[in-house]
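> Line by line, the protein sequences give chains A and B.
Position 170 (the first sequence) corresponds to 170 in our numbering; numbering is contiguous.
Position 179 (the second sequence) corresponds to 179 in our numbering; numbering is contiguous.
Protein chains: 2
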Amino acid sequence: MSSPRRGRRPGGADTRQAILSHARTAFAERGYDGTSLREVARLAGVDPALVTHYFGSKDRLFAALMRIPDNLSAQIAAVAAGPDAERGDRLVRLFLGLWEHEATRKSLMAVFRSAVSHPRAAEGLRGFVSDALLGPLVARLSLPNPRLRAALAGSQLVGLAIVRYIVRLEAVASADPEELVPDPRSSFPSWDGDGTGEQGRLRRR
Amino acid sequence: MSSPRRGRRPGGADTRQAILSHARTAFAERGYDGTSLREVARLAGVDPALVTHYFGSKDRLFAALMRIPDNLSAQIAAVAAGPDAERGDRLVRLFLGLWEHEATRKSLMAVFRSAVSHPRAAEGLRGFVSDALLGPLVARLSLPNPRLRAALAGSQLVGLAIVRYIVRLEAVASADPEELVPDPRSSFPSWDGDGTGEQGRLRRR
DNA sequence: CCATCATTTCATCACCCGTAGAATTCTCTT
DNA sequence: AAGAGAATTCTACGGGTGATGAAATGATGG
Numbered sequence: 001m002s003s004p005r006r007g008r009r010p011g012g013a014d015t016r017q018a019i020l021s022h023a024r025t026a027f028a029e030r031g032y033d034g035t036s037l038r039e040v041a042r043l044a045g046v047d048p049a050l051v052t053h054y055f056g057s058k059d060r061l062f063a064a065l066m067r068i069p070d071n072l073s074a075q076i077a078a079v080a081a082g083p084d085a086e087r088g089d090r091l092v093r094l095f096l097g098l099w100e101h102e103a104t105r106k107s108l109m110a111v112f113r114s115a116v117s118h119p120r121a122a123e124g125l126r127g128f129v130s131d132a133l134l135g136p137l138v139a140r141l142s143l144p145n146p147r148l149r150a151a152l153a154g155s156q157l158v159g160l161a162i163v164r165y166i167v168r169l170e171a172v173a174s175a176d177p178e179e180l181v182p183d184p185r186s187s188f189p190s191w192d193g194d195g196t197g198e199q200g201r202l203r204r205r
Numbered sequence: 001m002s003s004p005r006r007g008r009r010p011g012g013a014d015t016r017q018a019i020l021s022h023a024r025t026a027f028a029e030r031g032y033d034g035t036s037l038r039e040v041a042r043l044a045g046v047d048p049a050l051v052t053h054y055f056g057s058k059d060r061l062f063a064a065l066m067r068i069p070d071n072l073s074a075q076i077a078a079v080a081a082g083p084d085a086e087r088g089d090r091l092v093r094l095f096l097g098l099w100e101h102e103a104t105r106k107s108l109m110a111v112f113r114s115a116v117s118h119p120r121a122a123e124g125l126r127g128f129v130s131d132a133l134l135g136p137l138v139a140r141l142s143l144p145n146p147r148l149r150a151a152l153a154g155s156q157l158v159g160l161a162i163v164r165y166i167v168r169l170e171a172v173a174s175a176d177p178e179e180l181v182p183d184p185r186s187s188f189p190s191w192d193g194d195g196t197g198e199q200g201r202l203r204r205r
């Protein structure tokens, strides 16, 4: 019955944070276009105008939840700095870890779901992959065209995330994370029909 | 001034086909959510109701342009049937060819752009990757867990397409297709820092 | 206890959306 | 020539959208 009182609420609940959190959920599940400010407001139990009040616009709301957590940079640096061997494995493991952990998964999902249609999200994804994820690694490549090589590695991670978490292709979606870590090379050799390319060739080099 | 006459148009223009074609363009550029029937109608120079008349609903319009062209199955079968060596290269080349060719690119783009938010498109993508693209190849794998291995190969293709054509990560988007064909293994070895993993290891095995 | 300020809701605005039914015009068959 | 059926547009419904400005309410510091 009682329509919610208006004006400032008693108690110091951090509503801004609550809105941001529900926005993450909504954007993660329906993407940028599929999410309305009104729906976010509904989830947060709040008037739509309040969302606009705190974040200015839908676009800026999205930008707010796209921010890369600070500690991530450190983790990536650690991966880059470690021993040369198994660096690929460690990167994949770190990446999958981000997706398996509830807190970060939603943000990633929101960005990936939206990147294909929302330019700002696409820019965010480019930044995430090329600067944050691969930037620190490029310097370690002693190959011709290291930028391209690193970007191709990034494209594998992107493909893995999309197929496993967004589009949910059965075989990949239901696999144990550790089955995905030994990088895909180990599958390709089989196409030559020799069946010897089992695993771990990278490690043994 | 003159508003378009109503009633049947003189001359036997195939309007249905025109609508479908413009719909492809629109869905390819803005995804399912970002495209309106009214916009498609505008592009086709036609009343919005005509779109509905021919295709029934937005969803069914999308379904219509998602159909996989028949000759594709044959091409894939050819890739699968060829010699074991270089099968990976041939698959990548075929896949990239589909994207580089104007006619097929739009359909693929429409599906990829929409798959992340529209369930029907996601199902289409799953079908395309797992049945059409990889189905014929799975049988050739003499490895444990061939379904997973094939699906992981598919995820690489998906990642490549998204990074190159949708999100447009500079290094990959501007590369010559042939630079992308030698499968990504050739980049990973460099992470071990030995710099010897140049190219063509697959072929030489 | 009063003034200020942050928080919250209300009431709109101006659009855009997908779909449906009826009316109009043309082509084709007989 | 007539009648049937296909192609096309018109009009409209019910609803959702992002954004804005004003009002109400509570907390806070003097």
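No residue lacks a Cβ here, since even glycine has one placed at the ideal position from N, Cα and C.
From a predicted model like this one, the values you see are computed outputs, not experimental measurements.
For B/L169, which option in A/L43, A/D131 and A/L169 has the closest C-alpha, if you only look at C-alpha atoms?
With distances taken between Cα atoms, B/L169 lies closest to A/D131.
> If we ignore side chains and look at the alpha-carbon of each, how far apart do B/G135 and A/A18 end up?
Straight-line Cα distance between these residues: approximately 45 Å.
> Would you say A/I19 reaches chain B, if we count a Cβ-Cβ gap shorter than 7 Å as a contact?
It does not; no Cβ of chain B falls within 7 Å.
> Using Cβ-Cβ distances below 7 Å, what residues of the segment 127 to 150 of chain A are close to chain B?
If the cut-off is 7 Å between Cβ atoms, the segment 127 to 150 of chain A has V129, S130, R140, L141, S142, L143, R147, L148 and R149 near chain B.
> Mind checking which residues open and close the alpha helix (DSSP H) that includes A/D89?
Unbroken alpha helix (DSSP H) run through A/D89: R87 to E100.
> Straight-line CA distance for A/R87 to B/S155?
The straight-line gap from Cα to Cα measures roughly 21 Å.
> Across the segment 34 to 43 of chain A and the segment 51 to 67 of chain A, are there enough close Cβ pairs to call them in contact, namely three or more that are closer than 8 Å?
A contact exists between the segment 34 to 43 of chain A and the segment 51 to 67 of chain A.
> Quick one: does A/D47 have its CB under 7 Å from some CB of chain B?
It does not; no Cβ of chain B falls within 7 Å.
> Please work out which residues of its chain come closer than 6 Å, Cβ to Cβ, to A/A28, disregarding the five sequence neighbours upstream and downstream, and give them in chain order.
If we look at A/A28 and ignore the five residues flanking it on each side, its Cβ neighbours are K106, M109 and A110.
> Checking contacts by CB at 7 Å: is B/Q75 closer than that to chain A?
No, B/Q75 lies away from the interface with chain A (no Cβ there is under 7 Å from its Cβ).
> Just how far apart, CA to CA, sit B/A150 and B/S142?
C-alpha separation (whole angstroms): 11 Å.
> In angstroms, rounded to a whole number, what distance separates the CA positions of A/G127 and A/D33?
About 21 Å.
> Starting from the Cα of B/T30, find the closest Cα among B/R90, B/D47, B/P69 and B/F62 and give me that residue.
A small correction: the amino acid at residue 30 of chain B is Arg; Thr does not occupy that position in the sequence shown. That would be B/F62, whose Cα lies nearest to the Cα of B/R30.
> With a CB to CB cut of under 8 Å and the five nearest residues on each side skipped, what residues in its chain are close to B/A115?
Excluding residues within five positions, the ones whose Cβ falls inside 8 Å are A121, A122, G124 and L125.
> Rounded to a whole number of angstroms, what is the C-alpha to C-alpha distance between B/L152 and A/V172?
Cα-Cα distance, rounded: 7 Å.
> Suppose you measure from the CA of B/K58 to the CA of B/A64; what does that come to, to the nearest Å?
Roughly 10 Å separates the two Cα atoms.
> Drop a sphere of 10 angstroms on the beta-carbon of A/A80, count the other beta-carbons inside from all chains shown, and report buried for 16 or more, exposed for fewer.
By the 10 Å Cβ count, A/A80 comes out buried.
> Measuring alpha carbon to alpha carbon, tell me which of B/G45, B/I162, B/L96 and B/S21 ends up nearest B/R9.
Nearest option by C-alpha distance: B/G45.
> In whole angstroms, what separates the C-alpha of A/R147 from that of B/L20?
Roughly 39 Å between the two C-alpha positions.
> Sort B/V138, B/G159 and B/R164 by Cα distance to B/A77 and report the nearest one.
Among B/V138, B/G159 and B/R164, the Cα nearest to that of B/A77 is on B/V138.
> Note the first and the last residue of the continuous alpha helix (DSSP H) segment covering B/L157.
Segment P146 to A161, the alpha helix (DSSP H) holding B/L157.
> Could you say which of B/A175, B/L160 and B/N145 lies nearest to A/A175 if we only look at CA atoms?
That would be B/N145, whose Cα lies nearest to the Cα of A/A175.
> Just how far apart, CA to CA, sit B/V66 and B/A23?
The amino acid at residue 66 of chain B is misidentified as Val; the sequence shows Met. One C-alpha to the other measures close to 11 Å.
> Applying the 10 Å Cβ sphere with the 16-neighbour rule, what's the burial state of B/R6?
Label assigned to B/R6: exposed.
> Please classify B/R120: does DSSP put it in a helix, a strand, or coil?
Helix at B/R120.
> Under a CB-based cut-off of 7 Å, is A/R90 close to chain B?
No, its Cβ sits nowhere closer than 7 Å to a Cβ of chain B.
> Among the residues of its own chain, which have a CB less than 8 Å from the CB of A/R16, if the five just before and after it don't count?
Excluding residues within five positions, the ones whose Cβ falls inside 8 Å are Y54.
> Excluding the 5 residues preceding and the 5 following A/L96 in the sequence, name in chain order all residues of the same chain whose CB lies nearer than 6 Å to its CB.
Only P177 meet the Cβ criterion.
> On a Cα-Cα basis, can you pick out the residue from A/P48, A/L98 and A/L157 that is closest to A/N71?
Cα-wise, what sits closest to A/N71 is A/L98.
> State yes or no: is the beta carbon of B/I68 nearer than 7 Å to at least one beta carbon in chain A?
Chain A contact via Cβ: absent.
> According to DSSP, is A/D70 helix, strand or coil?
Looking at A/D70 - three-state DSSP - the assignment turns out to be helix.
> Closer than 8 Å by C-beta to A/I162: which residues in its own chain qualify, once you throw out the five before and the five after it? Chain order, please.
These residues qualify, in order along the chain: F112.
> Please report the residue range of the alpha helix (DSSP H) in which A/F27 lies.
Note, A/F27: alpha helix (DSSP H), T15 to G34.
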